[in-house]
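Just so we're aligned: 93 in this note's numbering is position 93 of the sequence shown, and the numbers increase by one with no gaps anywhere.
Virtual Cβ for every residue (Gly too), placed ideally from N, Cα, C.
Nothing here was measured: the structure is a model prediction, and the numbers come from that model.
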Amino acid sequence: MDLVLSTDTVPDHEKLAYWRDAVGRALVPVSVVPRGAGPLHGRITGGRLGRLRVAAVESDAQRISRTPAHIGGSDSCVAVHVQTAGRATLLQDGRHVTAGPGDMVVYDTARPYTLDFPERFAGRVVQLPRRALDVPDEHLRDITATPITATAGLGAILTPFLATLVGEAHSYPPAVAGRLASSAVDLFATLVAERSRVGIADTAREQLVLRIRDHIDRHLGNPDLAPETVAGAHHISVRYLHRLFEDEGITVARLIQRRRLQECARELARGGSVAPAVSAIAQRWGCLRC
Numbered sequence: 001m002d003l004v005l006s007t008d009t010v011p012d013h014e015k016l017a018y019w020r021d022a023v024g025r026a027l028v029p030v031s032v033v034p035r036g037a038g039p040l041h042g043r044i045t046g047g048r049l050g051r052l053r054v055a056a057v058e059s060d061a062q063r064i065s066r067t068p069a070h071i072g073g074s075d076s077c078v079a080v081h082v083q084t085a086g087r088a089t090l091l092q093d094g095r096h097v098t099a100g101p102g103d104m105v106v107y108d109t110a111r112p113y114t115l116d117f118p119e120r121f122a123g124r125v126v127q128l129p130r131r132a133l134d135v136p137d138e139h140l141r142d143i144t145a146t147p148i149t150a151t152a153g154l155g156a157i158l159t160p161f162l163a164t165l166v167g168e169a170h171s172y173p174p175a176v177a178g179r180l181a182s183s184a185v186d187l188f189a190t191l192v193a194e195r196s197r198v199g200i201a202d203t204a205r206e207q208l209v210l211r212i213r214d215h216i217d218r219h220l221g222n223p224d225l226a227p228e229t230v231a232g233a234h235h236i237s238v239r240y241l242h243r244l245f246e247d248e249g250i251t252v253a254r255l256i257q258r259r260r261l262q263e264c265a266r267e268l269a270r271g272g273s274v275a276p277a278v279s280a281i282a283q284r285w286g287c288l289r290c
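So this is what it looks like as structure tokens:
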């Protein structure tokens, strides 16, 4: 990572102001109130991983607040905080949750929040651009300041994955970093769907639609992917397949086309020292007639 900010060489009477600015540079602007009487010590190692902003933070006890005054001048993003030492209490959207080592919490920087660290702590933060997440606001509100265990479900996959991304961010070449960032975004969006009250499939029909969408995503590179093959893979008629998607706001054929174009655009946006041919990217994603 290319940013290292530490209070070690800062005079004691300037440490608090320095630390507040450091958090703003590495993450987002906030206010900081120390919980102890002595000078505040802290260290942030941060940088970019593809389109993500990541940071490893360790510091003394403190209370961090993001208010409406901070929000207007910075980009909106969703932050995932993995606690690695000490405890933290997050307050947002009228809820609060306490995290210990190994726990993960989520907050939206577009809305006020408070993070309270009653003791010296360490954590790893991944900030996902709001515009990169194809997730409705109401779904995000269902997951902020809620407990996410690292021992079950997608939390067991995402928590160690994000913690490792932050710790190893400096070692990935740009092309690999871009792919890992995309994987993090996709995994987080899936977690939101899993945890959201409206995202959890509680009927057989909803479960089938989710399986079909997953099938489409896993077979985008197959040029023969079409409503007929999708229906056959799920042992239903094409007519019933179309009926299932009447309430989805998109036809199956259009969904396949849109997902292929999204993946092509994502790969083109990564760039790199040797840009692949557009035709090669299109072929890789089965986009022969898009």
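Check	Outcome
Coil, strand or helix - arginine 51 by DSSP	coil
Helix, strand or coil at arginine 120 [DSSP, three-state]	coil
Whole alpha helix (DSSP H) elements within the segment 59-146, 4-residue minimum	68-71, 137-141
Simplified DSSP assignment, three categories, for valine 30	coil
Member of Arg48, Ser59, Val4, Ser65 whose CA lies at the smallest distance from the CA of proline 29	Ser65
Distance CB(threonine 159)-CB(alanine 152) smaller than 7 Å	no
Cβ contact check for the segment 47-62 and the segment 110-122: 3 or more pairs under 8 Å	yes
Given 8 Å, three or more beta-carbon pairs between the segment 158-173 and the segment 181-192	yes
Sequence-distant residues of its chain with Cβ nearer than 7 Å to glycine 100 (five each side left out)	Gln83, Arg87
Straight-line gap, valine 198 to isoleucine 148 (C-alpha atoms, nearest Å)	Unreliable positioning characterises valine 198 in this predicted model, as indicated by a pLDDT of 44, which lies under 50. A coordinate reading is not provided.
C-beta atoms of isoleucine 281 and isoleucine 216 nearer than 7 Å	no
Continuous alpha helix (DSSP H) assignments of at least 4 residues falling wholly in the segment 191-241	204-218, 227-233
Whether glycine 232 touches arginine 260 by CB criterion (7 Å)	no
Burial state of isoleucine 250, where buried means 16 or more other Cβ atoms lie within 10 Å	exposed
Counted within 10 angstroms of its Cβ, other Cβ atoms place glycine 221 as buried (16 or more) or exposed	exposed
Same chain only: Cβ atoms within 8 Å of arginine 124, ignoring 5 sequence neighbours per side	Val54, Ala55, Ala56, Val57, His81, Val82, Thr84, Leu162, Ala163, Val166, Gly167
Between the CA atoms of valine 126 and threonine 45 - distance to the nearest angstrom	12 Å
Straight-line Cα distance separating glutamate 267 from lysine 15	43 Å
Assigned secondary structure, leucine 5 (DSSP; H/G/I helix, E/B strand, else coil)	strand
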